[in-house]
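Student: The structure is given below, and queries will be raised subsequently.
Protein chains: 4
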Amino acid sequence: MTQSVAFIGLGAMGYRMAAHLPKYFEKVYVWNRNFDKAKQHATEYGTLAVELTEAVQADVIFSCLPTSDDVETLIDNVNIKSGAIWIDCTSGVPEAARRLAERLKTQNIDFLDAPVSGQTIGAENATLTVMVGGDVNAFECAYPAMAAIGKLIQHVGDSGAGFAVKAINNMLLAVNLWSVAEGFSTLKAHGVNLDAALNCINASSGKSMVTETIFPQRVLSREFPVTFALPLLAKDTGIALDLVHEAKLPAPILALTQSLIQAANLTAEPNSDFSSAVKMYEAWTKIILK
Amino acid sequence: MTQSVAFIGLGAMGYRMAAHLPKYFEKVYVWNRNFDKAKQHATEYGTLAVELTEAVQADVIFSCLPTSDDVETLIDNVNIKSGAIWIDCTSGVPEAARRLAERLKTQNIDFLDAPVSGQTIGAENATLTVMVGGDVNAFECAYPAMAAIGKLIQHVGDSGAGFAVKAINNMLLAVNLWSVAEGFSTLKAHGVNLDAALNCINASSGKSMVTETIFPQRVLSREFPVTFALPLLAKDTGIALDLVHEAKLPAPILALTQSLIQAANLTAEPNSDFSSAVKMYEAWTKIILK
Amino acid sequence: MTQSVAFIGLGAMGYRMAAHLPKYFEKVYVWNRNFDKAKQHATEYGTLAVELTEAVQADVIFSCLPTSDDVETLIDNVNIKSGAIWIDCTSGVPEAARRLAERLKTQNIDFLDAPVSGQTIGAENATLTVMVGGDVNAFECAYPAMAAIGKLIQHVGDSGAGFAVKAINNMLLAVNLWSVAEGFSTLKAHGVNLDAALNCINASSGKSMVTETIFPQRVLSREFPVTFALPLLAKDTGIALDLVHEAKLPAPILALTQSLIQAANLTAEPNSDFSSAVKMYEAWTKIILK
Amino acid sequence: MTQSVAFIGLGAMGYRMAAHLPKYFEKVYVWNRNFDKAKQHATEYGTLAVELTEAVQADVIFSCLPTSDDVETLIDNVNIKSGAIWIDCTSGVPEAARRLAERLKTQNIDFLDAPVSGQTIGAENATLTVMVGGDVNAFECAYPAMAAIGKLIQHVGDSGAGFAVKAINNMLLAVNLWSVAEGFSTLKAHGVNLDAALNCINASSGKSMVTETIFPQRVLSREFPVTFALPLLAKDTGIALDLVHEAKLPAPILALTQSLIQAANLTAEPNSDFSSAVKMYEAWTKIILK
Numbered sequence: 001m002t003q004s005v006a007f008i009g010l011g012a013m014g015y016r017m018a019a020h021l022p023k024y025f026e027k028v029y030v031w032n033r034n035f036d037k038a039k040q041h042a043t044e045y046g047t048l049a050v051e052l053t054e055a056v057q058a059d060v061i062f063s064c065l066p067t068s069d070d071v072e073t074l075i076d077n078v079n080i081k082s083g084a085i086w087i088d089c090t091s092g093v094p095e096a097a098r099r100l101a102e103r104l105k106t107q108n109i110d111f112l113d114a115p116v117s118g119q120t121i122g123a124e125n126a127t128l129t130v131m132v133g134g135d136v137n138a139f140e141c142a143y144p145a146m147a148a149i150g151k152l153i154q155h156v157g158d159s160g161a162g163f164a165v166k167a168i169n170n171m172l173l174a175v176n177l178w179s180v181a182e183g184f185s186t187l188k189a190h191g192v193n194l195d196a197a198l199n200c201i202n203a204s205s206g207k208s209m210v211t212e213t214i215f216p217q218r219v220l221s222r223e224f225p226v227t228f229a230l231p232l233l234a235k236d237t238g239i240a241l242d243l244v245h246e247a248k249l250p251a252p253i254l255a256l257t258q259s260l261i262q263a264a265n266l267t268a269e270p271n272s273d274f275s276s277a278v279k280m281y282e283a284w285t286k287i288i289l290k
Numbered sequence: 001m002t003q004s005v006a007f008i009g010l011g012a013m014g015y016r017m018a019a020h021l022p023k024y025f026e027k028v029y030v031w032n033r034n035f036d037k038a039k040q041h042a043t044e045y046g047t048l049a050v051e052l053t054e055a056v057q058a059d060v061i062f063s064c065l066p067t068s069d070d071v072e073t074l075i076d077n078v079n080i081k082s083g084a085i086w087i088d089c090t091s092g093v094p095e096a097a098r099r100l101a102e103r104l105k106t107q108n109i110d111f112l113d114a115p116v117s118g119q120t121i122g123a124e125n126a127t128l129t130v131m132v133g134g135d136v137n138a139f140e141c142a143y144p145a146m147a148a149i150g151k152l153i154q155h156v157g158d159s160g161a162g163f164a165v166k167a168i169n170n171m172l173l174a175v176n177l178w179s180v181a182e183g184f185s186t187l188k189a190h191g192v193n194l195d196a197a198l199n200c201i202n203a204s205s206g207k208s209m210v211t212e213t214i215f216p217q218r219v220l221s222r223e224f225p226v227t228f229a230l231p232l233l234a235k236d237t238g239i240a241l242d243l244v245h246e247a248k249l250p251a252p253i254l255a256l257t258q259s260l261i262q263a264a265n266l267t268a269e270p271n272s273d274f275s276s277a278v279k280m281y282e283a284w285t286k287i288i289l290k
Numbered sequence: 001m002t003q004s005v006a007f008i009g010l011g012a013m014g015y016r017m018a019a020h021l022p023k024y025f026e027k028v029y030v031w032n033r034n035f036d037k038a039k040q041h042a043t044e045y046g047t048l049a050v051e052l053t054e055a056v057q058a059d060v061i062f063s064c065l066p067t068s069d070d071v072e073t074l075i076d077n078v079n080i081k082s083g084a085i086w087i088d089c090t091s092g093v094p095e096a097a098r099r100l101a102e103r104l105k106t107q108n109i110d111f112l113d114a115p116v117s118g119q120t121i122g123a124e125n126a127t128l129t130v131m132v133g134g135d136v137n138a139f140e141c142a143y144p145a146m147a148a149i150g151k152l153i154q155h156v157g158d159s160g161a162g163f164a165v166k167a168i169n170n171m172l173l174a175v176n177l178w179s180v181a182e183g184f185s186t187l188k189a190h191g192v193n194l195d196a197a198l199n200c201i202n203a204s205s206g207k208s209m210v211t212e213t214i215f216p217q218r219v220l221s222r223e224f225p226v227t228f229a230l231p232l233l234a235k236d237t238g239i240a241l242d243l244v245h246e247a248k249l250p251a252p253i254l255a256l257t258q259s260l261i262q263a264a265n266l267t268a269e270p271n272s273d274f275s276s277a278v279k280m281y282e283a284w285t286k287i288i289l290k
Numbered sequence: 001m002t003q004s005v006a007f008i009g010l011g012a013m014g015y016r017m018a019a020h021l022p023k024y025f026e027k028v029y030v031w032n033r034n035f036d037k038a039k040q041h042a043t044e045y046g047t048l049a050v051e052l053t054e055a056v057q058a059d060v061i062f063s064c065l066p067t068s069d070d071v072e073t074l075i076d077n078v079n080i081k082s083g084a085i086w087i088d089c090t091s092g093v094p095e096a097a098r099r100l101a102e103r104l105k106t107q108n109i110d111f112l113d114a115p116v117s118g119q120t121i122g123a124e125n126a127t128l129t130v131m132v133g134g135d136v137n138a139f140e141c142a143y144p145a146m147a148a149i150g151k152l153i154q155h156v157g158d159s160g161a162g163f164a165v166k167a168i169n170n171m172l173l174a175v176n177l178w179s180v181a182e183g184f185s186t187l188k189a190h191g192v193n194l195d196a197a198l199n200c201i202n203a204s205s206g207k208s209m210v211t212e213t214i215f216p217q218r219v220l221s222r223e224f225p226v227t228f229a230l231p232l233l234a235k236d237t238g239i240a241l242d243l244v245h246e247a248k249l250p251a252p253i254l255a256l257t258q259s260l261i262q263a264a265n266l267t268a269e270p271n272s273d274f275s276s277a278v279k280m281y282e283a284w285t286k287i288i289l290k
């Protein structure tokens with residue numbers, strides 16, 4: 001396609017996501033704070049490692065950074081091409097999306113909040129889910145670029161809606177992770193075979209992504225591979241609870257889960273996977289989930 | 001097969017389960033408190049409607065009653081054939097299973113707690129999941145009879161383990177139902193399109209049986225079809241919490257969920273489906289989940 | 001004393017608080033949005049009903065308004081005398097106190113957040129507790145004015161600290177109110193005499209202001225007199241939880257209580273006393289606390 | 001008085017309680033598993049150290065043991081004098097009280113559940129609160145004996161009611177302990193002076209026995225003196241929650257508190273005071289409450 005595309009932020013996710021763009025777009029600019037990574041990406045995938053000032057002259061600009069604050073700081077310091085569409089794949093804050101969308105609108109730039117789910121394996125296989133908030137026309141215009149990196153590209157509402165859906169998704173992940181730990185510890189205390197119990201539940205109404213893959217592969221295996229850091233899950237549950245409070249809603253289970261994940265994060269070893277949250281619960285019960 | 005089989009309790013589940021047995025067994029006795037149902041089953045499926053005293057002379061005896069109390073009362077009042085295997089498909093109490101197994105053992109009878117999941121549709125199609133606690137030899141001996149009604153027949157541990165897994169499964173169902181209601185109310189308050197959000201979550205880590213089928217088919221559809229009554233879910237979460245207490249474990253999310261389901265049950269209209277539990281939450285927030 | 005004093009906001013609390021000032025100060029200005037109330041106050045207590053522009057020329061200025069937003073809007077629209085001390089008795093937001101204190105500092109004005117507790121009876125008898133955040137010198141300088149309306153005048157920390165203590169106090173009130181309702185419903189369900197139980201607890205370690213006065217006088221009496229509105233308690237628990245989140249702390253009990261109070265507020269009849277929060281719990285249990 | 005009185009169980013509480021009886025009764029028998037303690041008590045207070053078989057021939061028999069199980073085992077193995085009144089001061093299980101009362105009634109013996117509060121200092125000064133369940137006539141008949149050890153002797157209902165009130169009292173204590181820890185950690189994180197905050201709250205609606213004495217004397221002082229062991233508080237909150245479940249009531253705050261206290265107990269050092277429960281919370285937040 002003739003659109004020029006840029007990708008800013010080549011972390012574990014971004015590096016893999018940007019790798020798919022040259023298949024569909026002629027000009028793909030990449031930039032990263034540690035610029036060596038950008039040069040390596042160019043060598044490996046035929047992208048163009050350029051200065052940030054040049055990258056933001058593309059028609060479609062992806063960003064994938066740790067937090068919304070990082071994105072706002074970066075946008076504050078560049079002159080983006082008028083008419084561009086900025087696609088922010090960060091797991092960010094809905095309020096920041098609304099603020100940025102409004103501000104960039106005055107410069108004739110569209111901002112889409114477009115967080116992804118599917119982890120590094122989904123980024124590698126271009127099978128990510130992209131949940132998008134913002135202007136529908138911009139969404140349609142940027143659709144081909146997002147389709148290059150994901151499988152389900154879903155518009156979910158106005159600015160901020162993409163970030164909101166991601167935050168609630170991760171909150172539900174947290175609820176499941178913690179409650180499955182409680183439930184399986186109870187079963188183990190009663191002498192039940194956990195693998196057999198998992199088989200049953202995965203064929204029943206209590207099934208979740210946690211029981212199907214996360215719990216067996218990360219917890220019962222005792223591997224806790226660090227692919228999604230616990231502080232990021234803590235951040236996301238915090239974003240979800242801020243949404244609850246802004247709406248002045250009661251949400252007892254979400255509120256309690258956020259407290260527990262926050263406590264687990266505060267007591268975890270550095271560089272822990274989100275699944276390590278169960279270790280705080282294991283420290284309470286002295287029951288190891290294996 | 002040459003084993004004789006009996007099925008006691010022809011409710012919405014039992015009636016459909018017993019219908020598969022004549023395909024594999026020559027002699028299938030059925031009994032039901034309202035005996036007309038037994039006669040109707042005999043006419044419809046070629047089973048034999050017999051007195052309870054005769055039914056309990058079968059080699060393998062299924063029971064499927066509302067509660068463990070019902071099963072205990074029934075067993076107290078009959079003389080079961082020595083050498084028989086009793087398969088209790090009730091969603092019962094682990095402690096009752098242990099008590100019955102121990103008592104029947106002295107009469108040379110095996111008791112398996114074998115609750116099922118998969119609802120009436122699974123009973124109709126013989127695709128139920130059967131989670132079985134009790135003696136392994138009895139399990140193997142009764143396997144063909146259970147295989148006639150289910151797809152996954154899983155031994156999960158000693159007496160009571162089957163009931164325990166079922167209770168925890170239903171507790172996780174309750175956790176998901178309530179937390180998805182909280183999460184989606186929050187999204188709706190922020191103007192997010194719920195169907196689009198559901199699409200995303202069902203392709204992401206927050207996915208569960210609740211987000212995949214229960215929430216869209218029962219809640220968002222506003223149908224709340226009564227296939228699994230709310231008082232039964234309240235009973236099951238109570239059984240799960242009793243397991244937690246017997247093991248003297250902390251379980252904050254399960255405990256809170258049990259309180260909320262109990263409150264929802266106490267305030268629900270008579271004859272409500274379990275999914276109606278969300279209506280109490282909707283009454284708090286004034287946000288209708290549709 | 002020779003300081004001139006003003007009181008802005010003559011609601012149920014402010015009207016009674018301002019009544020004590022003429023005993024100690026020669027010039028006491030009063031102002032109220034509905035100005036008739038100011039004139040009535042002047043007639044009744046010998047204060048001076050003046051325009052707002054004149055009131056803010058006093059040496060010490062009290063404000064007692066519904067929310068911090070009201071105070072900020074008011075301050076935005078007046079020219080306060082340089083060198084004045086502003087004492088805000090609103091149950092307000094710590095962040096607003098920090099913002100106002102910083103801004104007014106540049107105009108050589110001190111801002112103290114000084115919420116009070118003790119209800120209308122305490123205001124009438126000048127026995128309020130005043131919890132004060134802000135500059136210590138300003139606190140000492142304004143001490144005589146505060147001592148005119150209260151019994152315990154306590155400096156608790158920097159700007160915002162007063163509001164923070166008030167919010168946590170009211171959160172603890174909410175925790176007690178709700179948990180006493182749970183506990184006493186349980187006792188009633190078991191046939192215990194509630195008045196006798198209250199006697200025992202009030203002589204034991206479970207005692208609180210709720211068991212000593214609030215529960216017997218407002219709930220068990222079924223009077224629920226509207227002296228502190230439920231929406232204000234909901235607001236205060238919200239402020240407390242915002243403090244928890246700003247500090248990124250887990251706080252499971254406070255978070256759950258805030259959800260429950262929020263739900264109670266959303267479902268309460270208009271113009272309900274805070275103690276009416278228990279009515280939501282009674283609606284769950286069908287047990288009336290009397 | 002002419003009644004003969006016995007006291008069984010001379011622990012930290014019982015030893016001090018029994019010391020008051022000789023002031024009012026001529027014959028006071030004492031017995032303790034470690035019999036040296038009984039002999040020491042006799043020497044010190046003029047009681048009579050006797051065999052258990054003789055002690056249970058008294059007109060009024062007190063017991064003060066760790067658990068209801070201990071009391072039941074003891075009663076199973078002795079022949080109590082017909083016409084006696086048994087006063088069980090253990091913090092026991094309501095269901096056990098109902099069972100024992102019913103069984104002893106057939107032997108013409110009255111059983112009163114009569115747990116006490118006030119700690120060792122109250123036992124020493126005979127200022128305990130005694131909350132009594134059981135037959136009213138027996139209560140009146142045994143009143144003088146109970147009045148010897150306590151200040152408020154309160155009949156609260158039928159058998160089990162005394163234990164129920166004690167359990168709910170201690171649950172409310174636990175709720176306050178934990179929520180004050182959450183609230184004060186939040187205040188400390190925001191730089192508030194905790195002693196000043198405590199002053200304010202103790203003059204306000206958030207006041208409780210915890211804020212007035214327990215928190216300053218045990219937690220803020222960092223003394224955690226072991227006068228009431230954490231496992232006993234965990235036991236009592238468990239009894240309270242069993243009451244909730246028997247009544248099939250929702251009780252979110254009590255349920256969550258029980259989980260937290262249970263977790264704190266499981267992770268505490270051996271021989272910890274109940275107030276040490278806050279140490280688990282401090283381990284989460286890294287904020288020391290002092």
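Protein chains in written order, with the UniProt record's numbering: chain B, 1 to 290; chain Y, 1 to 290; chain Z, 1 to 290; chain R, 1 to 290. Glycine included, every Cβ here is placed at the ideal spot set by N, Cα and C.
Please confirm whether any heavy atom of the ligand COA lies closer than 7 Å to the CB of Y:V60.
Tutor: The ligand COA is not part of this structure, which contains no ligands at all.
Student: Taking the straight line between their C-alpha atoms, what separation do you get for Z:A123 and R:N265?
Tutor: Distance between the alpha carbons of Z:A123 and R:N265 is about 44 Å.
Student: Drop a sphere of 10 angstroms on the beta-carbon of Y:K279, count the other beta-carbons inside from all chains shown, and report buried for 16 or more, exposed for fewer.
Tutor: Burial call: buried.
Student: Start and end of the beta strand (DSSP E) containing Z:D70?
Tutor: Where Z:D70 is concerned, there is no enclosing beta strand (DSSP E), although the alpha helix (DSSP H) it sits in stretches over S68 to D76.
Student: Please state whether the Cβ-Cβ distance between Z:K248 and B:Q258 is less than 8 Å.
Tutor: Not in contact: Z:K248 and B:Q258 (Cβ atoms no closer than 8 Å).
Student: Only counting the same chain, and skipping five residues up and downstream in sequence, which positions put a Cβ closer than 6 Å to that of residue 296 of chain Y?
Tutor: Nothing about residue 296 of chain Y can be reported from this structure: the residues present for chain Y run from 1 to 290 only.
Student: Relative to the alpha-carbon of Y:N193, which residue among B:T227, B:V156, B:T186 and B:A196 has its alpha-carbon at the smallest distance?
Tutor: Closest option to Y:N193, Cα to Cα, is B:V156.
Student: If you measure beta-carbon to beta-carbon, which residues of the stretch 179–199 of chain R are closer than 8 Å to chain Z?
Tutor: Cβ contacts with chain Z come from S179, V180, E182, G183, F184, S185, T186, L187, A189, H190, G191, V192, N193, A196, A197 and N199.
Student: In angstroms with no decimal places, state the Cα-to-Cα distance between R:H245 and B:A145.
Tutor: Each residue's Cα considered, the two are about 56 Å apart.
Student: Do Y:N176 and Y:V226 count as a contact pair if the criterion is CB distance below 8 Å?
Tutor: No, Cβ-Cβ distance for Y:V226 and Y:N176 is not below 8 Å.
Student: In this structure, does DSSP put B:Y24 in helix, strand or coil?
Tutor: Looking at B:Y24 - three-state DSSP - the assignment turns out to be coil, as it is neither helix nor strand.
Student: Applying a beta-carbon distance threshold of less than 9 Å, which residues of chain B neighbour Y:N170?
Tutor: Result: S204, S205 and G206.
Student: Using a Cβ-Cβ cutoff of less than 6 Å, which residues in the same chain neighbour B:A6 once the five nearest sequence positions on both sides are dropped?
Tutor: Hits under 6 Å: Y29, A55, A58 and I61.
Student: Which residues bound the beta strand (DSSP E) around R:S63?
Tutor: Segment V60 to S63, the beta strand (DSSP E) holding R:S63.
Student: Would you mind giving the Cβ-Cβ distance between Y:Q154 and B:A189, rounded to the nearest angstrom? I have them listed as a contact below 8 Å.
Tutor: With a Cβ gap of about 20 Å, Y:Q154 and B:A189 do not count as contacting.
Student: Taking R:L244 as part of the alpha helix (DSSP H), name the residues at either end of that continuous run.
Tutor: It should be noted that the sequence gives Val, not Leu, for residue 244 of chain R. L230 to E246 is the extent of the alpha helix (DSSP H) around R:V244.
Student: Could you tell me which whole beta strand (DSSP E) segments of length 3 or greater appear in the stretch 150–193 of chain R?
Tutor: Fully enclosed beta strand (DSSP E) runs of 3 or longer: 150–157.
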